[in-house]
Amino acid sequence: MRAIDRVREVSPPLSPKDKEMVRVAQRCIMAALDHSRAASITLTTDKGEHPTVEVPPAALKLIGQLLGVMSEGRPVVLMPTDQEFTTVEAANFLNVSRPFVIKEIEAGRLPYRKVGSHRRIALDDLVEYGRNMRARQANALKRMAENARELGLDY
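Here the sequence shown is numbered in UniProt numbering, starting from 1 and rising by one per residue.
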């Protein structure tokens, strides 16, 4: 299965008990990182064994951040930053149509590279484009609301 196919995989929502467990784990990891440079975790297996696993501090911080997001009940997607998308995958990622993605590419607003005759869009470029698109949408909504207030169309 390709990485992009896994993007839409969603685990079931956490139960309140699991959310609390995640919150506690996140607090413990982040507190441990604040007070030391220790980078190991002790696990408990089904057999009652307690192996200690060495983990780089940056990875522990990432795990802590992941747990924080999970405790809020928000979905999470992990991908390598060098991931590239086809135009169809980019459209799905942005929740827009493929022709819109092609139009943005051809207008020079969405960077891409060619692989043979196919276009590929880097994840970093796609995320940046998505942020900018959402910011433009938010500004447009703000202007519309201001116009409505000026025209006395408040509700």
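The C-beta atom is built at its ideal place from N, Cα and C for all residues, glycine as well.
Per the DSSP secondary-structure output, arginine 120 pairs in a beta bridge with Arg113. A buried status is given to methionine 70, since no fewer than 16 other beta-carbon atoms sit within 10 Å of its beta-carbon. DSSP places glutamate 104 in no beta strand (DSSP E) but in the uninterrupted alpha helix (DSSP H) bounded by 98 to 106. In the DSSP assignment, threonine 87 falls within the unbroken alpha helix (DSSP H) covering 87 to 94. Take the alpha-carbon of proline 99 and the one of threonine 86: they are about 12 angstroms apart.
Residue environment analysis places arginine 109 among the exposed positions, since fewer than 16 neighbouring C-beta atoms fall within 10 angstroms of its C-beta. The beta carbon of glycine 152 sits closer than 8 angstroms to no other beta carbon from its chain once the five residues preceding and following it are set aside. Scanning its chain for C-beta atoms nearer than 8 angstroms, with the 5 sequence neighbours on each side dropped, one finds around valine 76 the residues Leu66, Val69 and Met70, in chain order. The region 11 to 22 makes no contact with the region 42 to 52: fewer than 3 CB pairs, one atom from each, lie closer than 8 angstroms. Around the Cβ of valine 22, a 10 Å sphere holds 16 or more other Cβ atoms; the residue is buried.
9 angstroms or more divides the Cβ of glutamate 150 from the Cβ of tyrosine 129. In this structure, the CA atom of arginine 119 is about 23 angstroms from the CA atom of leucine 78.
Secondary structure note for serine 15: it is in no alpha helix (DSSP H), with a DSSP letter that is neither H nor E. One Cα belongs to alanine 39, the other to cysteine 28, and the distance between them is close to 13 angstroms.
Straight through space, the alpha carbons of lysine 47 and leucine 94 are spaced by roughly 45 angstroms.
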